[in-house]
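>
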Amino acid sequence: MKKVQDFKVLEYSWLNDENYILKLIADDEIPEIKPGNFAEIKVPDSADIFLRRPISVLDVNYEKKTISFYIKAIGKGTRKLGQLNIGQTVNIVYPLGNQFVVQDEKKVLIVGGGSGIAPFVLLGRELQSKDVDVTFLMGGRTKNDIFLTDEFSKYGKVEVTTEDGSRGEKGMVTHHSLFKSEFDFDKVYTCGPDPMMKAVAKIAESKGILCEASLENMMACGIGACLCCVTPTHDGNKVVCTEGPVFNTKELAW
Amino acid sequence: MVDLRVQIGGGLELKNPVTTASGTFGFGQEFTDFIDLDELGGIFVKGLTLKLRQGNDYPRMAETASGMLNAVGLQNKGIDYFIETTYPDIKKYKTEIFPNINGSVVEDYIAVAEKVNEIEGINALELNISCPNVKEGGMAFGVSCPSAIAVTEAVRKAYDGVIIVKLSPNVTDITEIAKGVEGAGADAVSLVNTFLGMAIDYKTRKPVLSTITGGLSGPAIKPIALRMVWQVYNAVKIPVVGMGGIMNAEDAIEFMLAGSSAIQIGTANFIDPQISIKILKGIEDYCKDNNVSAVRDLIGALEV
Chain A
0 MKKVQDFKVL
10 EYSWLNDENY
20 ILKLIADDEI
30 PEIKPGNFAE
40 IKVPDSADIF
50 LRRPISVLDV
60 NYEKKTISFY
70 IKAIGKGTRK
80 LGQLNIGQTV
90 NIVYPLGNQF
100 VVQDEKKVLI
110 VGGGSGIAPF
120 VLLGRELQSK
130 DVDVTFLMGG
140 RTKNDIFLTD
150 EFSKYGKVEV
160 TTEDGSRGEK
170 GMVTHHSLFK
180 SEFDFDKVYT
190 CGPDPMMKAV
200 AKIAESKGIL
210 CEASLENMMA
220 CGIGACLCCV
230 TPTHDGNKVV
240 CTEGPVFNTK
250 ELAW
Chain B
0 MVDLRVQIGG
10 GLELKNPVTT
20 ASGTFGFGQE
30 FTDFIDLDEL
40 GGIFVKGLTL
50 KLRQGNDYPR
60 MAETASGMLN
70 AVGLQNKGID
80 YFIETTYPDI
90 KKYKTEIFPN
100 INGSVVEDYI
110 AVAEKVNEIE
120 GINALELNIS
130 CPNVKEGGMA
140 FGVSCPSAIA
150 VTEAVRKAYD
160 GVIIVKLSPN
170 VTDITEIAKG
180 VEGAGADAVS
190 LVNTFLGMAI
200 DYKTRKPVLS
210 TITGGLSGPA
220 IKPIALRMVW
230 QVYNAVKIPV
240 VGMGGIMNAE
250 DAIEFMLAGS
260 SAIQIGTANF
270 IDPQISIKIL
280 KGIEDYCKDN
290 NVSAVRDLIG
300 ALEV
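Each protein sequence line maps, in turn, to chains A and B.
Be aware that the first sequence starts at 0, since it is given in numbering that gives the first Met the number 0, and climbs by one per residue.
Be aware that the second sequence starts at 0, since it is given in numbering that gives the first Met the number 0, and climbs by one per residue.
1. Helix, strand or coil: how does DSSP classify THR230 of chain A here?
2. List the DSSP bridge partners of CYS210 of chain A.
3. What is the rounded straight-line gap between the Cα of ALA139 of chain B and the Cα of GLY182 of chain B?
4. Is there a C-beta anywhere in chain A that falls below 8 angstroms from the one on GLU113 of chain B?
5. Can you tell which of B:THR31, B:ALA198, B:GLU12 has the C-alpha that lies nearest to the C-alpha of SER275 of chain B?
6. Which residues in chain B have a C-beta closer than 9 angstroms to the C-beta of VAL229 of chain A? List them in chain order.
7. Using only the alpha-carbon positions, how far apart do SER146 of chain B and ASP159 of chain B sit?
8. Which bits of chain A does ASN101 of chain B rub up against, with CB to CB less than 9 angstroms?
9. Just grab the DSSP bridge partners of LEU124 of chain B for me.
10. Which class does TRP229 of chain B belong to by DSSP, given the choice of helix, strand or coil?
11. Residues in its own chain within less than 6 angstroms of ALA293 of chain B by CB, not counting five upstream and five downstream?
12. With DSSP as the reference, label PHE99 of chain A as helix, strand or coil.
13. For chain B, find out if any of its Cβ atoms is closer than 8 angstroms to the Cβ of MET217 of chain A; answer yes or no.
14. Starting from ILE66 of chain A, find everything on chain B with Cβ-Cβ shorter than 7 angstroms and list it in chain order.
15. Within 10 Å of its beta-carbon, does ILE145 of chain A have 16 or more other beta-carbons around it, so buried, or fewer, so exposed?
16. Anything in chain B within Cβ reach of ASP44 of chain A, meaning under 8 angstroms, just list it in chain order.
17. Taking Cβ positions, are MET242 of chain B and PRO218 of chain B nearer each other than 8 angstroms?
18. I'd like the list of long-range same chain contacts for PRO53 of chain A, defined as Cβ closer than 6 angstroms, with 5 residues on each side in sequence excluded.
19. Does SER109 of chain B come within less than 8 angstroms of chain A when only Cβ atoms are used?
20. First and last residue of the alpha helix (DSSP H) that includes GLN127 of chain A?
21. Could you spell out the range, first to last residue, of the beta strand (DSSP E) harbouring PRO53 of chain A?
22. For ILE100 of chain B and ARG166 of chain A, I'd like the C-alpha separation in whole angstroms.
23. In the structure shown, what three-state DSSP assignment does PRO87 of chain B receive?
24. Mind checking whether GLY138 of chain A and VAL89 of chain A have CB atoms under 8 angstroms apart?
25. Distance, Cα to Cα, PHE178 of chain A vs PHE184 of chain A?
26. Going by beta carbon distance, what residues of the same chain come within less than 8 angstroms of HIS174 of chain A, once the five residues before and after it are set aside?
27. Are the beta-carbon atoms of LYS45 of chain B and PHE26 of chain B separated by less than 8 angstroms?
28. CA-CA distance, ARG226 of chain B and ALA177 of chain B?
29. Could you check whether the stretch 182-192 of chain B touches the stretch 227-241 of chain B, counting it as contact only if at least three pairs of C-beta atoms, one from each stretch, sit closer than 8 angstroms?
30. Please confirm whether PHE135 of chain A and GLU158 of chain A have their CB atoms less than 8 angstroms apart.
31. So is GLN53 of chain B buried or exposed if we call it buried at 16+ other beta carbons inside 10 Å?
32. Is the beta carbon of ALA25 of chain A within less than 7 angstroms of some heavy atom of the ligand ZN?
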């Protein structure tokens with residue numbers, strides 16, 4: 000069940016000067032959050048930031064009533080969310096959107112880039128609980144774009160590519176050697192920049208396996224009321240906030 | 000106890016003046032986790048057309064100072080889908096459901112109105128002649144007096160229930176259009192739809208919206224909307240349903256004082272999905288605190 004809830008800022012963890020984890024704590028119970036779900040966060044005390052900001056849930060602790068978000072400060076809203084006071088109230092609408100589907104996979108590949116890695120902590124944990132063999136492949140321009148690999152290593156093997164070769168293999172994620180050796184994954188999950196996801200989906204399709212991608216989109220309501228955040232699919236325009244953000248890439252007309 | 004009932008034309012009474020604006024509230028189902036729809040005076044559902052419409056390409060939205068632009072373009076599954084699938088699910092709610100009807104040509108409006116006429120339980124429709132985001136029809140009908148009159152007359156013949164004509168603010172004199180549709184048989188007018196606007200990305204030198212221009216809503220438009228409601232209230236005898244940037248109960252009361260018999264909450268639903276009920280409670284509290292026994296006493300009570 001979706002709800003509107005007040006949280007308080009518990010702590011910030013800055014990964015570098017523009018990437019941070021915002022951890023919030025609530026008084027009330029936190030509803031069940033599925034891998035891929037997001038929240039619409041109201042930026043407090045910001046008259047010039049009118050709409051909420053849709054942000055993927057990074058992690059949740061139901062007992063401690065905490066929720067955290069991995070945020071890249073790229074616009075005025077995401078910058079302001081990095082400048083709140085500890086204890087300041089933050090109102091969120093959540094959990095929103097659909098989820099990554101975990102069925103009877105045995106071995107999966109998770110490809111992430113940029114702030115697209117956020118949903119993969121919850122996904123990694125769910126896959127691990129079902130004894131799925133997980134490989135994370137994280138890409139960035141340089142080693143300074145690669146985050147949370149320690150966290151991901153709790154749930155599976157972590158591979159890295161950087162365009163400048165400063166960490167892991169040199170090149171784009173799709174150039175990684177795991178695509179050249181025997182490819183025995185039965186599903187690929189991806190989230191990150193569109194060109195990366197498209198390239199990953201193309202490889203998955205060429206291997207004949209299912210690929211799920213979580214799309215980013217400018218949103219107003221986040222609950223399927225305004226129909227602003229559409230993406231073209233082979234079955235017409237679909238609303239990313241409620242029919243997504245996770246899509247089987249075969250559906251997408253991108 | 001404050002008497003919250005209001006009359007909005009054609010003998011139709013709402014249990015309270017708080018309704019939700021078309022295009023900002025889906026079909027109500029999107030909000031059932033957040034509020035009890037039974038508490039609302041009414042729901043103006045997402046705009047309906049004769050056939051399924053895909054709407055405009057992405058991007059359809061731009062955040063602006065105190066508001067937003069949208070260019071959704073009436074994406075909907077068509078009136079038949081509404082009748083067969085959506086309405087059976089939402090008719091259980093004890094609130095007035097208003098289909099919002101649209102067309103590219105007068106014949107489309109007539110065809111949709113005839114279908115709405117057959118729906119049991121629907122007492123009124125909102126005739127939208129003010130959508131700024133479609134290439135054909137839409138706002139074109141609402142910005143000229145003869146075409147506004149022609150489409151209202153045509154729908155009047157096709158529909159037996161209450162007709163609320165939704166007016167465009169993108170006109171020289173909104174009172175002329177309001178008087179025109181009143182004469183053509185409208186039972187009420189609702190105003191204002193969004194203001195035509197645009198957003199540019201100075202870095203890429205490209206428009207933000209796929210359609211270049213779009214409809215501006217939110218508190219940025221409130222003073223203009225309020226002025227138009229006041230002007231129309233003084234120009235026509237039929238009830239006025241006011242909207243345009245209402246974010247809280249104070250705004251809603253101002254729209255009633257300016258002459259609104261009921262109000263529509265629009266863009267505020269995107270910021271707070273519970274805002275409509277909060278506004279209703281706020282109006283009720285205002286009445287209690289100011290010894291207003293019936294909310295209808297606020298309608299047009301502006302002291303000038």
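Beta carbons are placed, not taken as given, at the ideal position from N, Cα and C, and that holds for glycine.
In short, the structure shows the following:
1. The count along the first sequence starts at 1 and reaches residue 230 of chain A at position 231. Strand at THR230 of chain A.
2. Here residue 210 of chain A refers to the residue found at position 211 of the first sequence. Partner residues in the beta bridge of CYS210 of chain A, as assigned by DSSP, are A:VAL187.
3. Residue 139 of chain B sits at position 140 when you count from the first residue of the second sequence. Residue 182 of chain B sits at position 183 when you count from the first residue of the second sequence. Looking at the two C-alpha atoms, the distance is approximately 19 angstroms.
4. If you number the second sequence from 1, residue 113 of chain B lands on position 114. Not one chain A Cβ lies under 8 angstroms of GLU113 of chain B.
5. Locating residue 275 of chain B in the second sequence gives position 276, where the first residue counts as 1. For the options B:THR31, B:ALA198, B:GLU12, the alpha carbon positioned closest to that of SER275 of chain B is the one of B:THR31.
6. Counting from one through the first sequence, the residue named residue 229 of chain A turns up at place 230. Annotation: Cβ neighbours of VAL229 of chain A in chain B (cutoff 9 angstroms, chain order): GLN53, GLY54, ASN55, ASP56, TYR57, ARG59, VAL71, GLN74.
7. Locating residue 146 of chain B in the second sequence gives position 147, counting from the first residue. Locating residue 159 of chain B in the second sequence gives position 160, counting from the first residue. In a straight line, the C-alpha of SER146 of chain B is about 21 angstroms away from that of ASP159 of chain B.
8. As a working note, residue 101 of chain B is residue 102 in the second sequence. Within chain A, no residue has its CB atom less than 9 angstroms from the CB of ASN101 of chain B, the nearest being about 14 angstroms off.
9. Numbered from 1 along the second sequence, position 125 holds the residue referred to as residue 124 of chain B. Answer is B:ILE162.
10. Position 230 of the second sequence holds residue 229 of chain B. In the displayed model, TRP229 of chain B falls within a helix according to three-state DSSP.
11. Sequence index remark: in the second sequence, residue 293 of chain B carries index 294 (1-based). So the qualifying residues of the chain are ASP2.
12. Stepping through the first sequence from its first residue, residue 99 of chain A is reached at position 100. Coil.
13. In the first sequence, counting from the first residue as 1, residue 217 of chain A sits at position 218. For MET217 of chain A, the answer is yes, since a Cβ of chain B falls inside 8 angstroms of its Cβ.
14. Start at 1 with the first residue of the first sequence, and residue 66 of chain A comes out as number 67. Result: empty, since nearest Cβ-Cβ is about 18 angstroms, beyond 7 angstroms.
15. Translated into positions along the first sequence, residue 145 of chain A becomes position 146. Taking every protein chain shown into account, the CB of ILE145 of chain A has 16 or more other CB atoms within 10 angstroms, so this residue is buried.
16. Taking the first sequence and counting its residues from 1, one reaches residue 44 of chain A at position 45. Residues of chain B whose Cβ lies closer than 8 angstroms to the Cβ of ASP44 of chain A do not exist, since the nearest Cβ in that chain is about 14 angstroms away.
17. Translated into the one-based positions of the second sequence, residue 242 of chain B becomes position 243. Translated into the one-based positions of the second sequence, residue 218 of chain B becomes position 219. Result no, Cβ atoms of MET242 of chain B and PRO218 of chain B do not sit closer than 8 angstroms.
18. Counted from its first residue, the first sequence places residue 53 of chain A at position 54. Here the set comprises PHE37, GLU39, MET218, GLY221.
19. Position 110 of the second sequence, counted from the start, is the residue given in the question as residue 109 of chain B. In the sequence as presented, Ser is not what sits at residue 109 of chain B; that position holds Ile. False, the Cβ-Cβ gap to chain A never drops below 8 angstroms.
20. The residue given as residue 127 of chain A occupies position 128 in the first sequence. From DSSP, the alpha helix (DSSP H) with GLN127 of chain A extends over 119-128.
21. Taking the first sequence and counting its residues from 1, the one referred to as residue 53 of chain A is at position 54. Where PRO53 of chain A is concerned, the enclosing beta strand (DSSP E) stretches over 52-55.
22. The residue you call residue 100 of chain B lines up with position 101 of the second sequence. The residue you call residue 166 of chain A lines up with position 167 of the first sequence. Approximately 58 angstroms between the Cα atoms of the pair.
23. In the second sequence, counting from the first residue as 1, residue 87 of chain B sits at position 88. Three-state result, PRO87 of chain B: helix.
24. Locating residue 138 of chain A in the first sequence gives position 139, counting from the first residue. Locating residue 89 of chain A in the first sequence gives position 90, counting from the first residue. No.
25. Start at 1 with the first residue of the first sequence, and residue 178 of chain A comes out as number 179. Start at 1 with the first residue of the first sequence, and residue 184 of chain A comes out as number 185. Roughly 10 angstroms between the two C-alpha positions.
26. Counting from 1 along the first sequence, the entry for residue 174 of chain A is found at position 175. Around HIS174 of chain A: THR160, GLU168.
27. Against the second sequence, residue 45 of chain B aligns to sequence position 46. Against the second sequence, residue 26 of chain B aligns to sequence position 27. A contact, by the Cβ cut-off of 8 angstroms.
28. Your numbering for residue 226 of chain B matches position 227 in the second sequence. Your numbering for residue 177 of chain B matches position 178 in the second sequence. Going by the C-alpha atoms only, they are around 14 angstroms apart.
29. With the cut-off at 8 angstroms, the stretch 182-192 of chain B and the stretch 227-241 of chain B touch.
30. For the purposes of this step, residue 135 of chain A is taken as the residue at position 136 of the first sequence. For the purposes of this step, residue 158 of chain A is taken as the residue at position 159 of the first sequence. When the beta-carbon positions are compared, PHE135 of chain A and GLU158 of chain A come within less than 8 angstroms of each other.
31. Within the second sequence, residue 53 of chain B is the residue found at index 54, counting from 1. Taking all protein chains shown into account, GLN53 of chain B has fewer than 16 neighbouring C-beta atoms within 10 Å of its C-beta and is therefore exposed.
32. Absence of the ligand ZN is noted for the structure shown, with no ligands found whatsoever.
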